[in-house]
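S.K.: Numbering (my numbering), first residue to last: 636 to 681. Where is the CB? At the ideal position from N, CA and C, for every residue including glycine. Quick caveat, the model's predicted, so the values are computed rather than measured. Below is a structure I'd like to ask you about.
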């Protein structure tokens, strides 16, 4: 698989963004983890 990064734009509610930023959540990491979980991909499979 090609591990090259691509830029994506998404829209989330402001309140969710504010809470996540306050907790210093890494949006990219969370999105990647959620997508892998939804697709049934394990880390070692990549």
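Check the C-beta distance from residue 655 over to residue 662 and give it rounded, since I have them as a contact under 8 Å.
M.R.: Position 20 of the chain shown holds residue 655. Position 27 of the chain shown holds residue 662. Going by Cβ atoms, the distance from residue 655 to residue 662 rounds to 7 Å, so yes, they are a contact pair.
S.K.: How far does the alpha helix (DSSP H) with residue 674 in it reach, from first residue to last?
M.R.: Sequence index remark: in the chain shown, residue 674 carries index 39 (1-based). From DSSP, the alpha helix (DSSP H) with residue 674 extends over 662-674.
S.K.: Return the residue from the list 674, 653, 677, 664 that minimises the CA-CA distance to residue 640.
M.R.: Locating residue 640 in the chain shown gives position 5, counting from the first residue. The option with the nearest alpha carbon to residue 640 is 664.
S.K.: Tell me which residue opens and which closes the alpha helix (DSSP H) that residue 655 is part of.
M.R.: As a working note, residue 655 is residue 20 in the chain shown. Residues 649-657.
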